[in-house]
Every structure is written in structure tokens, then in C-alpha cells.
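For reference, the structure discussed in these notes is given below.
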Amino acid sequence: MDEFIPVSKPSITDLELNYVTKAVKSGWVSSLGSFLTEFEEKFAKYNDVKYAALVSNGTVGLHLALKGYGISSLDEVIIPNFTFIATANAVSYVGAKISLADIDPNSLCLDTDNIKNYITDKTRAIIPVHIYGHPANMNIINEIASENNLIVIEDCAEAHGAAIGGTKVGSFGNCGVFSFYGNKIITTGEGGIITTNDHEFYESIISLRDHAMDKNKRYWHDKIGFNYRMTNLQAALGLAQLERIEEILNRKLEIFIKYKELLGEIHYLKLNQTKIGYKNVYWVIYIIVDNLNLDKRDKLMDNLKRLNIDTRPFFYPISQMMLHDVSHDYKTPVTNQIYSKGIILPSFYDLTDDQITYICSNLLVQINLVIK
Ligand SMILES: Cc1ncc(COP(=O)(O)O)c(C=O)c1O
Numbered sequence: 167m168d169e170f171i172p173v174s175k176p177s178i179t180d181l182e183l184n185y186v187t188k189a190v191k192s193g194w195v196s197s198l199g200s201f202l203t204e205f206e207e208k209f210a211k212y213n214d215v216k217y218a219a220l221v222s223n224g225t226v227g228l229h230l231a232l233k234g235y236g237i238s239s240l241d242e243v244i245i246p247n248f249t250f251i252a253t254a255n256a257v258s259y260v261g262a263k264i265s266l267a268d269i270d271p272n273s274l275c276l277d278t279d280n281i282k283n284y285i286t287d288k289t290r291a292i293i294p295v296h297i298y299g300h301p302a303n304m305n306i307i308n309e310i311a312s313e314n315n316l317i318v319i320e321d322c323a324e325a326h327g328a329a330i331g332g333t334k335v336g337s338f339g340n341c342g343v344f345s346f347y348g349n350k351i352i353t354t355g356e357g358g359i360i361t362t363n364d365h366e367f368y369e370s371i372i373s374l375r376d377h378a379m380d381k382n383k384r385y386w387h388d389k390i391g392f393n394y395r396m397t398n399l400q401a402a403l404g405l406a407q408l409e410r411i412e413e414i415l416n417r418k419l420e421i422f423i424k425y426k427e428l429l430g431e432i433h434y435l436k437l438n439q440t441k442i443g444y445k446n447v448y449w450v451i452y453i454i455v456d457n458l459n460l461d462k463r464d465k466l467m468d469n470l471k472r473l474n475i476d477t478r479p480f481f482y483p484i485s486q487m488m489l490h491d492v493s494h495d496y497k498t499p500v501t502n503q504i505y506s507k508g509i510i511l512p513s514f515y516d517l518t519d520d521q522i523t524y525i526c527s528n529l530l531v532q533i534n535l536v537i538k
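Count along the sequence shown starting at 1, add 166, and that's the number in this note's numbering.
In C-alpha cells, the structure reads:
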């Protein structure tokens, strides 16, 4: 195939162009404007929560969520060892220690059987990550959290629209944090949103995202806040994307089904797994290949790139980077075993079935060459 197939690409239609043009023409180009309010209201409704607060990106959304619940250097926070670095960084921004928990080998989300091992008298919060579009086991996580008085912050960056038994992610925990980065299910370029039913927390985060300015006394600040606001231009793009979310999710599912048709029976690799009763939104399609290691994986990815097929590796375990203040040294065997075997395949809305066929046939040839 002559054309390069990227791993990800946003789907932009006339609707997005119209809304963004309208926002630009209105003159409301900064962090006030009707697209911001409408996007927040519609996103809250979509997720069946009372409140949604737009922010500049998902990372600051996580930071704000931790701040909003007063998590500090006295505390410990449980996160999975297998996640994007932002989850861990946000915990470090508030000075808290991190407990790195292992994942379930099928969903790649927190292994709920082991969470209790990580709880100490300093544990204040847990951040389950709905990785690659599969929801973490929120019913068990909420049970453990309520037994141990923990705040639950769902990292929904990769899982817009994902659900368990019809209930959407971002509505299970005390709050949920989504990302609208360019490769996400819906995008605002850069951006994020916090969802919650907790009024007091909502008031606190909307104040903190805007320098914590006193509501009744302009330019008076009782706290050190942040500029974590989103612009009306970004919200215009986001609103158009939200109006198309079901169409985007349907195509994601079709893409997964096509990959499954072509790769599902290959005994030495495994595609995304979905637990019964869970709605996986297949943010990305990945394969986990037996007998792959870091060298072979990189070689495979290089070979595919030469064939115009872009891919991404799995995340490295957070523990390997040794950047964060980690509160324990429990082992995470599943994370350590899986990360070097995973590759993310092109999974974007406009990917055609012919391109998927081309990707799969070349992938199988290259895996066989590399693994031998
Ligand atoms: C799991 C996870 N958490 C947090 C983030 C941070 O979001 P953002 O890039 O919008 O800061 C991302 C994505 O980029 C992510 O994949």
C-alpha cells in the first residue's frame, strides 16, 4: 500500500468545521462562551452525572481531582502499574506516594483481587484506569473503597462511552477524568473534563481551575489556584464530536470485528478481550503476541513501518521509570510480563476494511519472520 496508515487520526466533518467557525466568528475565543456551557451540560447528560467541568487536558484534570479531594503529601494513592505516565505524574504533583498495583491479564485493568494488599492506613484514594477502552471492575473497586473510606477517581482518558451493565464510566467513582487529546475517542485538540455528582467537589474544582478567584470579590484569592481552563474554540470542536460519539463508537466496534475476523483464530496472539456485561469501546485495537520481547517487538514495529503501517508499543510499567515516590515494592508480575508483548494497531474512524486486511496479512508475515 502506497499510503501511510497512521495509528490514529481524528474524524473531522463539516459539523466540527461549522461549530468552530461559529465560535471564532462570535469573538468568544477564550474561556467564556456558550459552547463551553453546552458541551459541559451535554457531556454530563451523556454520562448521567450532575456536573461536568471542562479543563485544559486530562493530566491537569487528574491533578485538579486530587486537589479537589485534598489529597496531599501525607497520603498514598493506588494506581495500576500499567497506565500512561500522566496517572502517576498527577499523584506526584500533589506530593502523595504511589502504590503501583498489578493488572488483570484479560482486561488489562486493575486486578481487584490484589488491591487490598496495597491499602495502608495512609491510603486515601484509588485511581482505576479504564485502559484502551475497557472498564475497570468498578463494582468491586467501589466496594473496597467504601470499606476503606477511599476516594475513587476514575481515569477515563481512553474510555468515553464505555460502560458496565449500562452504567457509563465516569459515573461510578467520586469523579471521572476524561481526555480529549487528538488521538482520543472524541477530541478537542488538547482538553479534558471532570465528571461528578458531588456538588461540593464540583464547586471546589471550578474555582481551582480559574485561579480560585473569590466569586464575590474580583481579583481576591484565598487559595493558590491554576489556569486549567478550556477555550470556547476547543469546546466547539468537542460539542460537534460529542454529537457524533455514537457514530464514532459504532465504527470502532466494526473495526474491532474486522480485526477479529482476520486475527481472532491465530493461536499465538490475543486481541482485546471484553468481560461479560462490560461495554468495551475499543479505543485502540491491540494484539498481545506470545514469545515477543522488547527487541523482537521493536523489530516487528520497524518492519511494519517500512510497509507503511504505523503501530505503538504498550506502556512501560511505571515502576521501571523510577520517577515517582512509590510507597511499597510489591511485585506486579502480570504488568511486567505483558508490556513487552503488546502492540497497538491502527484503529481510527476512517480506517477502511481494505486497510485492515492489508495490515493483518502483513502483520502475520512479519510476526513469523521476527519470532523465528
Ligand atoms: C490513561 C491516561 N490517563 C491520562 C491521560 C492524560 O490525558 P491528556 O493527554 O489529555 O493530558 C492519558 C492520555 O493521554 C491517558 O491515556
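Note that beta-carbon positions come from the ideal geometry of N, C-alpha and C, so glycine has one too.
Please classify residue i: does DSSP put it in a helix, a strand, or coil?
| i | result |
| --- | --- |
| Ser345 | strand |
| Arg472 | helix |
| Ile245 | strand |
| Ile269 | strand |
| Gly236 | coil |
| Ala311 | helix |
| Ile306 | helix |
| His300 | coil |
| Val500 | helix |
| Val173 | coil |
Could you tell me the boundaries of the beta strand (DSSP E) in which residue i lies?
| i | result |
| --- | --- |
| Arg290 | 289 to 292 |
| Ile454 | 451 to 455 |
Report buried or exposed for residue i, applying the criterion of at least 16 other Cβ atoms within 10 angstroms of its Cβ.
| i | result |
| --- | --- |
| Ile390 | exposed |
| Gly339 | buried |
| Asn213 | buried |
| Gly199 | buried |
| Ile423 | exposed |
| Asn446 | buried |
At the level of alpha carbons, what is the spacing between residue i and residue j?
| i | j | result |
| --- | --- | --- |
| Thr579 | Ile484 | Since the first residue of the chain shown is 167 and the last is 538, residue 579 is not available in this structure. |
| Tyr259 | Glu431 | 44 Å |
| Lys436 | Val455 | 6 Å |
| Ile509 | Thr477 | 7 Å |
| Trp386 | Phe392 | 14 Å |
| Ser312 | Val195 | 42 Å |
| Thr225 | Thr361 | 14 Å |
| Lys191 | Ile359 | 25 Å |
| Asn314 | Asn528 | 50 Å |
| Lys211 | Tyr185 | 20 Å |
| Asp168 | Pro176 | 21 Å |
| Tyr284 | Leu429 | 37 Å |
| Arg395 | Ser265 | 30 Å |
Mind checking who residue i pairs with in its DSSP beta bridge?
| i | result |
| --- | --- |
| Arg478 | Ile510 |
| Glu320 | Gly342 |
| Asn539 | In this structure the chain extends from 167 to 538, so residue 539 is not present and cannot be described. |
| Leu530 | For Leu530, which the question treats as bridged, DSSP gives no partner whatsoever. |
| Ala218 | Thr361 |
| Ser329 | First, the amino acid is wrong: residue 329 is Ala here, not Ser. DSSP lists Lys334, Lys445 as partners of Ala329. |
| His387 | Met379 |
| Gly224 | None, per the DSSP bridge assignment. |
| Gly355 | Tyr347 |
| Val540 | Residue 540 falls outside the range modelled here, since the chain spans only 167 to 538, and no answer is possible. |
| Val492 | Ile264 |
How is the alpha helix (DSSP H) around residue i delimited, first residue to last?
| i | result |
| --- | --- |
| Tyr434 | From DSSP, Tyr434 is part of no alpha helix (DSSP H); its letter is neither H nor E. |
| Val195 | It is not in any alpha helix (DSSP H) - Val195 carries neither H nor E in the DSSP assignment. |
| Leu274 | From DSSP, Leu274 is part of no alpha helix (DSSP H); its letter is neither H nor E. |
| Ala262 | No alpha helix (DSSP H) contains Ala262, which DSSP labels as neither H nor E. |
| Ser485 | 484 to 487 |
| Leu408 | 398 to 409 |
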